[in-house]
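When we follow this note's numbering, the leftmost residue of the sequence shown carries the number 1, and every step to the right adds one.
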Amino acid sequence: MDIQALAQEIPVEGEYSLEGIDFITSGEQYLTFLLETEQYAVDILCVEEIRSWERPTKIPNAPSYVKGVINMRGVIVPIVDLRLKFGIGEANYDETTVVIVLKYESAEQGRTIGFVVDAVSDVLNAEENEIKNAPAFGGIIPHHYVNGLVNVGEGVVTLLNVEALQQIEAHTIG
């Protein structure tokens, strides 16, 4: 095998176009998941990893939606059940239950939190003009958690605000 001949076959940057590759998009990409029968999505760039459900170590006096913490390669990661946080039915943990670990970096700090969801669905490509504002009237999910809505087929996917999800509200013992 001639290494020089192989080197000649390597394309030079810009020499070939990547036409026909459908995973490259000018829009944003979102990881979609299920909570009960509804689809939600988060910015895929914030997804650190997707893990199967494992029972976390409980934290005394934590809010009921904080299931505990896990050790992820030396990092202590709080685990929040989104069904409980949003008041969507009962939390059931089965073989499709997963934890989506999200990392959000702001100017002040970076935070990594795992969110328990019923199942991961797909990756959604959404152009900016396809994202509609969430209606201002009430709903199950508080308005500040919602970045927008996207029509997908006959359904609607709710885009969640990762920065808002990273906030764990103050909890009083009582």
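C-beta: ideal position from N, C-alpha, C; glycine also.
A quick note: this is a predicted structure, and the numbers were derived from the prediction, not measured.
Helix, strand or coil for residue i per DSSP?
i	result
residue 58	coil
residue 30	strand
residue 127	coil
residue 49	strand
residue 83	helix
residue 164	helix
residue 145	helix
Verify whether the separation of the beta carbon atoms of residue i and residue j is less than 8 angstroms.
i	j	result
residue 78	residue 100	no
residue 123	residue 44	yes
residue 60	residue 69	no
residue 33	residue 120	yes
residue 161	residue 145	yes
Assuming residue i and residue j form a contact by the criterion Cβ under 8 angstroms, report the distance between their Cβ atoms to the nearest whole angstrom.
i	j	result
residue 159	residue 131	7 angstroms
residue 116	residue 81	4 angstroms
residue 102	residue 48	6 angstroms
Drop a sphere of 10 angstroms on the beta-carbon of residue i, count the other beta-carbons inside from all chains shown, and report buried for 16 or more, exposed for fewer.
i	result
residue 83	buried
residue 28	buried
residue 141	buried
residue 75	exposed
So, does the CB of residue i fall closer than 8 angstroms to a CB anywhere in chain D?
i	result
residue 52	The structure shown contains no chain D, having only a single protein chain.
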